[in-house]
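In the order they appear, the protein sequences are chains A and B.
If you use this note's numbering, the first sequence corresponds to residues 168 to 485, in order.
If you use this note's numbering, the second sequence corresponds to residues 86 to 370, in order.
Where a beta carbon is used, it is the ideal one built from N, C-alpha and C, also for glycine.
The next block holds one structure in the form of structure tokens; read it before the comments.
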Amino acid sequence: MIARFIARRIALALVTLFVLSVLVFFCCQVLPGNVALAILGPQADPRTVNVLNHELGVDRPLLVQYSSWITSFLQGDMGRSYIYRAPVAPFILQAIGHSLKLASVAILVVVPLGILGGVVAALNVHRPLDRIISIGGVSATILPEFVSGIVLILVFGVWLRWLPISAAWPQGAGVFTQVYHLILPAMPLVLVLFGYIARMARAGMIEALDSDYTRTAVLKGLTWRLVIWRHVLRNALLPTITVIATQAGYLIGGLVVVETLFRYEGVGSLIFAAATSKDFPMLEAAVLVIGITYALATLIADLLYSILNPRIRMGSYK
Amino acid sequence: MTHVYIDTPSSRHQEVFAALFRSGPFLIGTAIIFFWAVCAAFGQQFVPYDPLAQDILNALGPPSAEHWFGTDQLGRDIFSRVIAGSRDILTVAPLATILATIIGTVLGLLTGYFRGIVDDVFSRLIEAKMAIPGVIVALLAIVALGTSEMTVILVIGLSFGTNMSRTVRSAVLSERELEYVAAATLRRESAVHIMFVEILPNILPPILVESTMRVGYAIFAVATLSFIGFGLQPPSPDWGLSISTNYAMIGGGYWWTVLFDALAIASLVIGINLMADGLYGALDA
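Shown next, in the form of structure tokens:
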């Protein structure tokens, strides 16, 4: 049963990556039309345009272009940047390292905070505290990151001067300085994720509080504190794990905005810069690497969930 | 004494409306949206200055009696721009949501009603699409198609529509097992008739709630695309665009050039959220 589930899940991840690769290829190599013209601008000499098109290999048939692009990508050759005239791989690896630091700070803050918010809301269900956490959480979730980012910069960076408004730390700065510079950029991501995590934790808690095993635990005379810690929390927080992993996709989108706003050289600002300057090999490689990372993250989360949750592991997963 | 309720459509509607008017969040949200809708429709007529008129001599002036929200680096009146800036986002985001609702409803009805191979093919494609971060899809599409209001509407409409089709599909799946659908099948009604005349009216409440919520996300998406330069273009007084052109000066203390636009976006998304929350509560009750 579990082997079939895993095989099915891996097959789905492969389909996703194939669709993504076709989408990326289609958007970056087919739809823009004349690539050299797009790079050189409309006033370029037609002969130079032809030479550049030939040099870039974009005058070959589409199927040939796709297969040669995807085979070299799988062999580790991610292509050469149009703008930097150098292999894109080092740029992407460095940018991903930066983004991982920012994402880690955000995750380390939001996971405990979101779970706490959800648990407190569930223990006060339908009372004012629950309404405040729920409505506040959803409102924070739909607030665009650049909006909360601007307000946070103004309050903590410009008026109170507690935190630096740029994420770029001085050369050779230690871990603490780096984290200090990343607190403000991480906050908009924390705000958006808080609502999702709190809502899942709240729903899980309410279901667990309402269950027969909780009633049994109460009726056999355990203290309320012990019931919560030993019986409710353990069951309630399982779905929250998956939500945290699936939010990796949102996080990547959020990074594009946050890194642009705070001038942080991560993968989000790399994608944004590549899209603006029509550096298609850079854009393609960065998007594919992110897609693979994301597919792996959700795959691991689903497998972890199925291992932790016997109902999914043994039940008929359709 | 016992009451016997007969659940006629009109009594159900009255119940929903009564619940809506008792709901504090719904009324506050509606008031905020009504305010911005009036600004979008008639703002141009009652603002003190032309939102596009430049006055370089008075550039970057702080809030004052003449310019309530100050002026930007071209000397344009920010109060007038914030009021007028509601127009573009309040046109593009609802249009994108309407497109998404149509796509989501049709796709959800088709996949839910026919199941089988139609459902399998669409479901796998939609799952793959949902596994790709939305901003990345939007960025790729806009790089490929170029920036215009039409592209933004299409990209958001398609992207949200496929997500919405999942909600519609699950509603159709439970609905199609009910007797009235069996009755319609026995009357030899066409599939189109059953989907759109029989099933659709019964699954409108979840569609309505989902669309209202999606307006909030559409505003999130439009504002974000404008902020990163892939949405509305200058000299539109759009809020996201204004923040994007002015935030570089934030370290210099020119807070009024970005704060009011940020608060405008915040009030709009929170208003829509409160309204959706109230609607959900009333339709669920």
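Cβ neighbours of Ala464 (chain A) in the same chain (closer than 6 angstroms, five flanking residues each side left out) | Ala412 and Ala415
Starting from the C-beta of Gly325 (chain B), find all residues in its chain whose C-beta is less than 6 angstroms away, skip the five residues before and the five after it, and write them out in chain order.
-> Ala308, Ser311 and Phe312
Within the 9 angstroms Cβ cut-off, does Gly314 (chain B) reach chain A?
-> yes
Short check: CB of Gly356 (chain B) to CB of Thr115 (chain B), under 9 angstroms?
-> yes
Cα-Cα separation between Ala370 (chain A) and Leu360 (chain A), rounded to whole angstroms | 16 angstroms
Taking 9 angstroms as the CB-CB limit, is Ile357 (chain B) close to chain A?
-> yes
In this structure, does DSSP put Gly482 (chain A) in helix, strand or coil?
-> Reliability fails at Gly482 (chain A), whose pLDDT of 47 lies under 50, so the model's placement of it is uncertain and no value is given.
Could you tell me whether any Cβ in chain B is nearer than 9 angstroms to the Cβ of Ala365 (chain A)?
-> no
Under 9 angstroms, do Pro337 (chain A) and Leu428 (chain A) count as touching if we go by C-beta distance?
-> no
Find out if the Cβ-Cβ distance for the pair Gly219 (chain B), Gly362 (chain A) is shorter than 9 angstroms.
-> no
3 or more residues per run - each beta strand (DSSP E) lying fully within the segment 251-279 of chain A = none
By the 10 Å Cβ neighbour count, where 16 or more other Cβ atoms means buried, how is Phe65 (chain B) classified, buried or exposed?
-> Outside the shown range of chain B, which is 86 to 370, sits residue 65 (chain B), and nothing can be said about it.
Which of the three DSSP states, helix, strand or coil, is assigned to Thr156 (chain B)?
-> strand
Any idea what DSSP makes of Arg247 (chain A), helix, strand or coil?
-> strand
Taking C-alpha atoms, which residue in A:Pro279, A:Leu400, A:Ile300 and A:Met245 lies nearest to Arg366 (chain A)?
-> A:Ile300
Run of the alpha helix (DSSP H) containing Asp297 (chain A), from where it starts to where it stops | Pro295 to Thr308
Measure the alpha-carbon distance for Phe439 (chain A) versus Ile335 (chain B) and round it to whole angstroms.
-> 21 angstroms
Look at the Cβ atom of Ala367 (chain B), then the Cβ atom of Ala104 (chain B), and state whether they are nearer than 9 angstroms.
-> yes
Quick one: which unbroken alpha helix (DSSP H) runs of 4-plus residues sit fully inside the segment 372-444 of chain A? Chain order, please.
-> 379-386, 400-403, 405-428 and 434-443
Does the beta carbon of Val354 (chain B) come closer than 9 angstroms to any beta carbon on chain A?
-> yes
What are the partner residues of Asp162 (chain B), as DSSP defines its beta bridges?
-> B:Thr156
Coil, strand or helix - Ile341 (chain B) by DSSP | A small correction: the amino acid at residue 341 (chain B) is Trp; Ile does not occupy that position in the sequence shown. In the structure shown, Trp341 (chain B) sits in a helix (DSSP, three-state: H, G or I).
So what's Phe131 (chain B) in DSSP terms, helix, strand or just coil?
-> helix
My understanding is that Met360 (chain B) touches Phe111 (chain B), with C-beta atoms under 8 angstroms, so please give their C-beta distance in whole angstroms.
-> 6 angstroms
Out of curiosity, what's the CA-to-CA distance linking Tyr484 (chain A) and Ile408 (chain A)?
-> Confidence in Tyr484 (chain A) is poor, its pLDDT being 41 and thus under 50, which makes the residue's placement unreliable; the coordinate value appears in the next sentence. If you take the alpha carbons of Tyr484 (chain A) and Ile408 (chain A), they lie about 19 angstroms apart.
Local Cβ density within 10 Å of Ile309 (chain A), reported as buried at 16 or more and exposed below that | buried
So which residues on chain D does Gly281 (chain A) lean against when the C-beta distance must stay under 7 angstroms?
-> In the structure shown, chain D cannot be found, because the protein chains are A and B.
Chain B residues whose Cβ lies nearer than 7 angstroms to that of Val191 (chain A) | Leu225
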